[in-house]
Amino acid sequence: MRGAMRGRMMGGPRPFFKKQFIPHIPFDLYLTGPVLQNVSAPWDDSELSAALIKKNQELTPTDTEHQTLLNLVTKLQTVLDQITVDPRGFDACAIEEVRQVGSYRKGTMIAGHNVADFVILLKTLPTEEAVMRLGQKVLEDLRATDANLKVVLTKDPCGFTINSQNNTSACRCLITTLPPNIRKLEADLHLPQRLVVNNLAALRHSRWFEDNGQNQPGVKTLIRLIRDLRNRFEGLLPLNPWMVDLLCHYSMMNTPDGQPLQLADGFKRALQLLACGLFTPGSCGIQDPCEANVIRVHTAMTVEEQDIVCMTAQNLVRHLLNGNFAPLLGHGKKNEAIERDACVVNGVVINPLGTAYEKPPERGAEEDLLEGSDGEQAEDVEGMQTE
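Structure follows, in structure tokens:
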């Protein structure tokens, strides 16, 4: 008893208990079919399906655009493979692997954005000088392969880009290095570490999509539609391409029976999930399948960006479910901003919602110190009362 009494009088620090994170699961109508039965006839989505198919045709590059980019991609791939196998005296860097990534490789490229991405994995450290020398080597070999090929080299923060002279197509070469070399990067000598890590992640993303989405045309179509939606609505810009890919794959493929949804259902589900807070703080979100640790992809956004994405999706869903889907596909009235202006749809007045997140006021050092002293005094008082 004496020891216990003495310990209480000392008012020692309380043990630290890490708060357990229990994520909330947003409501998903397409996973509650066995629980919530329909009380009315299913909606007729024939008009929405036809509009989505037509929009996808508009977004798909033409045969001429595809062939022009394919010619440049084929020649660049041949040159890079040759440098990898036989550098022929080129000693600025050593290439471990070259792989096509991005929307061109996945088959989700949008018309007017004729860019193919390559990730070049180096065995050596990616200094800026070595990267530019590699770009010059690639440019010289391309011109030597085809004297009629008109291309130019431009510097890029992630590496370099080979552009056609008339700017009809381009190939971006994203430079990265082997994982053990990441910690050796120096800010004033090598490419930025953040970009090198992102380029390395693009390799993993490409492999995952080839295994899980390459043979799913519905997923590819939905990715193209959501990316177009993101480009036209400012509130969805915080979504990066990897988030869009995972969201579309989840919306189309995560079903009770394992069968992919129809395009119209997948489109509605993707927006409804965003509107229900799938990418908001505390949500279970979507776990990154390419990371060893449990990382939810939406945590790459700030809290303000997560709130804006959710708010924008809520405004768009209200129009979509009231049959006003034309503005979502870019077929609305000129200068119409449905995410900001009040609209009347089929006799229903839709007022846009505002943000819910309020940034807490900044706390000064004096307030933190005062709170700490108050906490210590409270512990002492509690110990004295226990005695």
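Counting from 1, one number per residue, gives the positions in the sequence shown under the UniProt record's numbering. Beta carbons are placed, not taken as given, at the ideal position from N, Cα and C, and that holds for glycine.
- Rounded to whole angstroms, the gap between the alpha carbons of Asn346 and Gly266 is 24 Å.
- For Ser49, no beta strand (DSSP E) segment is defined; the enclosing uninterrupted segment is the alpha helix (DSSP H) at 46-59.
- By the Cβ criterion, the stretch 110-117 is not in contact with the stretch 131-143, since fewer than three pairs of Cβ atoms, one from each stretch, lie closer than 8 Å.
- Here the stretch 70-89 makes no contact with the stretch 211-218; the two share fewer than three CB pairs at distances below 8 Å.
- Annotated as proximal: Asn181 and Leu125, with beta-carbon spacing under 7 Å.
- Runs of the beta strand (DSSP E) lying entirely within the stretch 155-182 and spanning at least 3 residues, in chain order: 159-164, 170-177.
- Taking all protein chains shown into account, Ser206 has 16 or more neighbouring C-beta atoms within 10 Å of its C-beta and is therefore buried.
- In the DSSP assignment, Leu153 is bridged to Ile162.
- Shortest Cα-Cα distance from Arg340 to any of Glu234, Phe209, Ser49, Pro289 involves Glu234.
- Contact check between the stretch 257-272 and the stretch 39-56: three or more CB pairs, one atom from each, fall below 8 Å, which counts as touching.
- DSSP places Gln100 in the uninterrupted beta strand (DSSP E) bounded by 95-101.
- By the Cβ rule, the stretch 146-164 does not count as touching the stretch 88-99, because fewer than three pairs are nearer than 8 Å.
- Between Thr161 and Ala170, the C-beta spacing is below 7 Å.
- Assignment of Asp188 by DSSP, reduced to helix, strand and coil, places it in the coil class.
- In the three-state reduction of the DSSP assignment, Val119 falls in the strand class, which pools E and B.
- Between Leu31 and Pro327 a beta carbon distance of about 28 Å is seen, past the 8 Å cut, so the two are scored as non-contacting.
- Here Lys123 is exposed: its Cβ has fewer than 16 other Cβ atoms, across all protein chains shown, within 10 Å.
- Judged by their CB atoms, Leu236 and Arg230 are nearer to each other than the 7 Å cut-off.
- DSSP places Ile223 inside the alpha helix (DSSP H), whose first and last residues are 217-232.
- Closest in alpha carbon position to Leu274, among Gln259, Pro238, Asn293, is Pro238.
- Separation of Thr302 and Ala337 (C-alpha to C-alpha, rounded to the nearest whole angstrom) is 24 Å.
- Taking the Cα positions, Asp288 is about 31 Å away from Leu69.
- Judged by DSSP in its simplified three-state form, Arg296 adopts strand.
- Its chain contains Ile110, Ala111, Arg224, Leu225, Asp228 as the residues whose beta carbon lies nearer than 8 Å to that of Leu59, once the 5 sequence neighbours on both sides are disregarded; these appear in chain order.
- The three-state secondary structure of Ser283, taken from DSSP, is strand.
- Taking 7 Å as the cut-off, the beta carbon of Cys310 is found closer than this to the beta carbon of Gly277.
- In the DSSP assignment, Cys343 forms a beta bridge with Ile350.
- Each residue's CA atom was taken as its position, placing Thr108 and Lys220 some 6 Å apart.
- In the displayed model, Thr127 falls within a strand according to three-state DSSP.
- Going by DSSP, Thr64 is part of the alpha helix (DSSP H) stretching over 63-85.
- DSSP links His24 through a beta bridge to Ser283.
- The criterion of a C-beta distance shorter than 7 Å is not satisfied by Leu321 and Lys55.
- The three-state reading of DSSP puts Thr255 in coil, since its state is none of H, G, I, E or B.
- Residue burial annotation: Trp242 is buried, with at least 16 other C-beta atoms found within 10 angstroms of its C-beta.
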